[in-house]
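For reference, each letter of the sequence shown is one residue, going 0 to 387 in numbering that gives the first Met the number 0. Some notes on the structure that comes next.
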Amino acid sequence: MSVKTPVYLDNNSTTQLDPSVLEYMMPYFLAYYGNPASKSHKYGWIAEESVSLARNKIANFIGCSPKEIFFTSGATESNNLALRGIAEAYLKKGNHIISSPTEHKSVIDTLDYLSKSGFEINYLNVDEYGIVDPNELKKSIKENTILVSIMYTNNETGNFQPVKQISEICSEKNVLFHTDSTQAIGKIPFKVNDTGADLISISSHKFYGPKGIGALFIRNKNPKIRVIPQITGGGHEGGLRSGTLNVPAIVGFGKACEISEANIGDENLRLKNFTNKMLNSFRDAKIGLTLNSNPKNRLPNTLNISFDNIDSAAFMSEAKGIAVSSGSACTSASLEPSYVLTASGKTTESARSSVRFSLGRFTTEEETDFAIEVVIKSIKKLSKENEI
Ligand SMILES: *Cc1c(COP(=O)(O)O)cnc(C)c1O
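Rendered as structure tokens:
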């Protein structure tokens, strides 16, 4: 087979820039390099118009008003802005925040920080797929609850939270709801009103746009949602996030939305077929495994699997033909078992043997077949070594 190795199956970490996004961005480095905040000349006007067009594309893509989009450096910053910004703004109302233990580190670590500064953080229980129970959420909301933050779909497992139900409960109880939707937007059809959330984090590099750019959606409602800026300065983005706008990245982000909008349906069908084929092939080969992704409801591109008695570090050094991750990128660096899986009730051993396959727009059928072969061969070899 003539595939380029290692085959990239780590698209939940980041994606390749779509070549047409790159092409679209190019003129903004060398020709239209103005600062959108420069109001006195054509360079500034062109930049401002381009940013405004990109903002419209992003808003259109997720079904909101461009006024509800605030550019950030990515979802980590959006999560920080949402959590810290709301916590500071609503401190007089209360200091209680509800979340889940399977959130991305950029939420968990920010909540840890808030906890040290006097906020009371309540992590809901989750089931074997990391899913919270809306009834428990309902019971956990107190007089002093100011915010609920639950992700849309998990980066490690691709499992979905009952976001619509959560938002209904929050709105009934008059509590703000933030959802980190980084793994959903650009990957599956997503409209802000389907989620009902008040604040939504987005990142461009998870769906074939450039790295270092993202947004926080803040719903325009009455009473107005108050968010305390975490970066102060020139008053950009309505004073919420100062700093000269990264124009090439923003136009690329807009273009990435446009491309996803046009391709999302076909892409999902294709990726669902590929991941199903992988899973079925592993099962046909009689490899001992546990599927950590929810079989009934997972991101089409994501398969999280624990291989029986195979340490994921050993697997990855054996399966050199594929680029995958165990747990999240951050936890694989620290060699800890995935906290997402241990929080979901998996044993440390099972969490240590988990591998995440995340396919993407540029994954081919040939690459999928190659990956299947590599995995089966590697697992069989490692299992045999275990027996000795
Ligand atoms: C990747 C990711 C983030 C961080 O996004 P950046 O734009 O890289 O900062 C946050 N949350 C989830 C669920 C992610 O997958």
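Ideal Cβ positions, reconstructed from N, Cα and C, are used throughout, including at glycine.
- Fewer than three pairs of CB atoms, one per stretch, sit closer than 8 Å, so the segment 237 to 253 makes no contact with the segment 274 to 290.
- Minimum Cα-Cα distance from Asn124 among the listed residues Phe176, Ala214, Ser343, Arg355 corresponds to Ser343.
- Only buried fits Pro228, as 16 or more other CB atoms lie within 10 angstroms of its CB.
- The C-beta separation of Leu270 from Asn300 comes to about 4 Å, placing the pair in contact by the 8 Å criterion.
- Spanning the alpha carbons of Gly320 and Tyr7 requires a straight line of approximately 9 Å.
- Unbroken beta strand (DSSP E) stretches of 3 residues or longer found wholly inside the segment 337 to 361: 353 to 357, given in chain order.
- A residue is called buried when at least 16 other Cβ atoms come within 10 angstroms of its Cβ; Ala261 does not meet this threshold and is exposed.
- No Cβ-Cβ contact shorter than 8 Å links Asn121 with Ser105.
- The straight-line gap separating the alpha-carbon atoms of Tyr89 and Ile378 is approximately 52 Å.
- Your pair Ile61 and Ile184 checks out as a contact, with CB atoms roughly 6 Å apart and the cut at 8 Å.
- The segment 142 to 155 makes contact with the segment 93 to 102, as at least three CB pairs between them are under 8 Å.
- Rounded to whole angstroms, the separation of the alpha carbons of Ala30 and Lys41 is 12 Å.
- Checking the 7 Å criterion, the Cβ of His177 is out of range of every heavy atom belonging to ligand 1.
- Its chain contains Ile184, Gly213, Ala214 as the residues whose beta carbon lies nearer than 6 Å to that of Ile201, once the 5 sequence neighbours on both sides are disregarded; these appear in chain order.
- Among the bridge pairs identified by DSSP, Leu8 is matched with none.
- Pairwise C-beta distances place the segment 171 to 182 out of contact with the segment 126 to 134, as fewer than three of them are shorter than 8 Å.
- DSSP lists Leu198 as the bridge partner or partners of Ile217.
- Taking C-alpha positions only, Thr144 is separated from Ser19 by approximately 45 Å.
- With a 10 Å radius around the Cβ and a threshold of 16 neighbouring Cβ atoms, Pro222 comes out exposed.
- Between ligand 1 and Thr301, a heavy atom-to-CB distance of less than 7 Å is absent.
- With fewer than 16 neighbouring CB atoms inside 10 Å of its own CB, Ala312 falls in the exposed class.
- Using a Cβ distance threshold of 8 Å, Pro336 and Arg351 count as a contacting pair.
- The three-state reading of DSSP puts Val2 in coil, since its state is none of H, G, I, E or B.
- By the CB criterion at 8 Å, Gly208 and Gly251 fall inside the cutoff.
- The DSSP-derived three-state label of Asp179 is strand.
- One alpha carbon belongs to Thr274, the other to Ala81, and they sit about 33 Å apart.
- By the C-beta density criterion, Gly238 is exposed, having fewer than 16 other C-beta atoms within 10 angstroms.
- For Glu119, the enclosing beta strand (DSSP E) covers residues 119 to 122.
- In this structure, the straight-line span from the alpha carbon of Ser382 to that of Ile309 is close to 7 Å.
- For Ser116, the closest of Val323, Gln160, Ser12, Ile96 by C-alpha to C-alpha distance is Ile96.
- In this structure Glu257 is not in contact with Phe69, their Cβ atoms being roughly 20 Å apart against a cut-off of 8 Å.
- Considered as a whole, the segment 8 to 92 harbours 18 to 24, 26 to 29, 41 to 61, 74 to 88 as its complete alpha helix (DSSP H) runs of no fewer than 4 residues, in chain order.
- Between ligand 1 and Gln15, a heavy atom-to-CB distance of less than 7 Å is absent.
- Thr144 sits in a strand when the DSSP states are folded into three classes.
- For the 8 Å CB-CB criterion, Asn55 and Pro65 form a contact.
- Taking the Cα positions, Met315 is about 8 Å away from Ser324.
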